[in-house]
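1 is the number of the first residue of the sequence shown in the numbering used here; add one for each residue after it.
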Amino acid sequence: MDRHLRPAVLTTDPSSPDALKTWRNLKRTFDFFLESLPTTPAPNKLATLVNFVGPSIYELIAESDSYKTAIKVLDGVYDKPKNEIFAWHLLSCCKKEPGQSLDQYLQKLKNLAKDCNFQAVSAEVHKNEAIRDAFISGLISPQIRQRLLEKKTNLTLKLLIKTPELSIWQKSRACHTARM
């Protein structure tokens, strides 16, 4: 029976777009696999895990002295905190592709929305977030937009206005306009 539950070897680069999905799938499959193993003698979970990771992934857990520690390391590598501002931007900019069915497009939007961390907020907070998102989406400079979207902090409208990149951009625009 264990051969049917046997997980694939984890070789996925943690920075690849599907890394989290692959890791969650392997982790769940691996848990089911461990449950299918005979309980006497108790399986060495860490040794078993090592057999199901590729060489580059092994390097990440080589120093782990327990199964729990190894899983914690892999969780930290694959399940990184999401950049909510970037997730909101991806959701708001997502367009239906030619040939894509409405159901596929709706599913894509739902998947993108998962990373947005929606929470109950006041009308004022919702308004400020909508202004922030429209501001970022409406910027002409893709470089400034990218810098703002790369910020890891919770970028509120107040913080956005005080961002150094915007001040520098505004000053350079003023100098450029004055020369004309």
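For every residue, glycine included, the Cβ atom is placed at its ideal position computed from N, Cα and C. Just so you know, these numbers come straight off a predicted model, no measurement behind them.
How should residue i be labelled, buried or exposed, when 16 other C-beta atoms within 10 angstroms of its C-beta is the threshold for buried?
i: residue 125; result: exposed
i: residue 12; result: buried
i: residue 24; result: exposed
i: residue 28; result: exposed
i: residue 155; result: buried
i: residue 85; result: buried
i: residue 57; result: buried
i: residue 159; result: exposed
Keeping to the same chain, check which residues put their C-beta closer than 6 Å to that of residue i; ignore five residues upstream and five downstream.
i: residue 148; result: 136
i: residue 14; result: 77, 78
Excluding the 5 residues flanking residue i on each side, which residues of the same chain have their C-beta closer than 7 Å to its C-beta?
i: residue 73; result: 60, 61, 64
i: residue 69; result: none
i: residue 6; result: 33
i: residue 22; result: 12
Can you check DSSP and say which residues form a bridge with residue i?
i: residue 53; result: 10
Taking a contact to mean a Cβ-Cβ separation below 8 Å, would you say residue i touches residue j in this structure?
i: residue 9; j: residue 77; result: no
i: residue 34; j: residue 41; result: no
i: residue 113; j: residue 91; result: yes
i: residue 117; j: residue 151; result: no
i: residue 115; j: residue 87; result: yes
i: residue 108; j: residue 93; result: no
i: residue 75; j: residue 20; result: no
Within its chain, find whatever has a CB closer than 8 Å to the CB of residue i; leave out the 5 residues flanking it on each side and keep chain order.
i: residue 96; result: 102, 105
i: residue 49; result: 30, 61, 67, 70, 71
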